[in-house]
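In terms of the numbering used here, the sequence shown has 570 at position 83, counting the first letter as 1, and numbering is strictly consecutive. A short worksheet on the structure shown next.
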Amino acid sequence: MLAKAEIRRSPQHLPNRSRQVLRASGRQARDTIDPSPSLRRAPVAKKVTVQYLPDYAYSQLLTAGHHAFVADEPPESGGEDLGPSPYELLLWALGACTSMTLLMYARRKGWDVAEISVHLTHDRVHAQDSSEAEGKGGKVELITRDISIRGKLTEEQQQRLLEIAGRCPVHKTLAACPKVVDSIIVGE
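Next up, the structure:
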């Protein structure tokens, strides 16, 4: 049986088409994903790289440290659906951060939490007299996050976990409307 770290780092967990994209990009999985059975993790990457895969319409190779992933657009947007879309990645980031934050908090408190599932949706909805929506076609971005928890929790504990969900780092980053600083480096 493989250790969790080995399974997580193995290219075999990727859908077959995504593994083909990784190979087609000229980067074998062993160059991108550390096959080491070590359970020690390198420090979290503060920098990620997104690289266009020119043999595909919109597919992108995403790398962070020794992790690799393929992102794409769905067919209705001209992509080949080889991986999650950018909005799906955004929702995954928020959902994963929410679940991890809640688990850390509940464990530290010694609360009975057996399972957490976070279901998220993204939509653009009509603003109701919102000054923020002016110039945006009268619509605002809406992310709905439904958190399901299996365990024995009091009403007070449930309310506290709902408050803690709003404090997960990704949620705080999104709520702060971070400034994005762009630059273009042109090469031949």
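Ideal Cβ placement from N, Cα and C applies to all residues, glycine included. Quick caveat: nothing in here was measured; it's all calculated off a predicted structure.
- Taking T536 as the centre and dropping the five residues before and after it, the same chain places the C-beta of T550 closer than 7 Å to its C-beta, in chain order.
- Under the DSSP definition of a beta bridge, G638 partners with V600.
- Comparing alpha carbon positions, the residue from C584, L649 and K666 closest to P656 is C584.
- Going by beta carbons, I636 and I603 fall inside the 8 Å limit.
- For the 8 Å CB-CB criterion, L578 and L607 form a contact.
- The C-alpha of D633 is placed about 38 Å away from the C-alpha of I671.
- A straight-line Cα-Cα distance of about 10 Å links R594 and A601.
- Ranked by how close their Cα comes to the Cα of V627, the residues L640, V612 and T641 have V612 in first place.
- Per the DSSP secondary-structure output, K626 pairs in a beta bridge with H613.
- DSSP, read as helix, strand or coil, puts R654 in coil.
- Secondary structure at A662: helix, using DSSP grouped into helix, strand and coil.
- Rounded to the nearest whole angstrom, the C-alpha separation of M591 and Q644 is 14 Å.
- As the crow flies, the alpha-carbon of Q547 is around 6 Å from that of L540.
- Taking the Cα of P571 as reference, the smallest distance to any Cα among D669, E560, A532 and A555 is reached at E560.
- The beta carbon of D599 sits closer than 6 Å to those of G638 and K639, all from its chain and outside the five residues before and after it, given in chain order.
- Rounded to whole angstroms, the separation of the alpha carbons of A532 and A614 is 37 Å.
- For A532, the secondary structure class from DSSP, reduced to helix, strand or coil, is coil.
- Look at L576 here: in three-state DSSP terms it is helix.
- Nearest neighbour of T641 by Cα position, chosen from G674, G597 and G552, turns out to be G597.
- Within the same chain, G565, G566 and E567 come within 7 Å of A544 by CB-CB distance, once the 5 residues on both sides are set aside.
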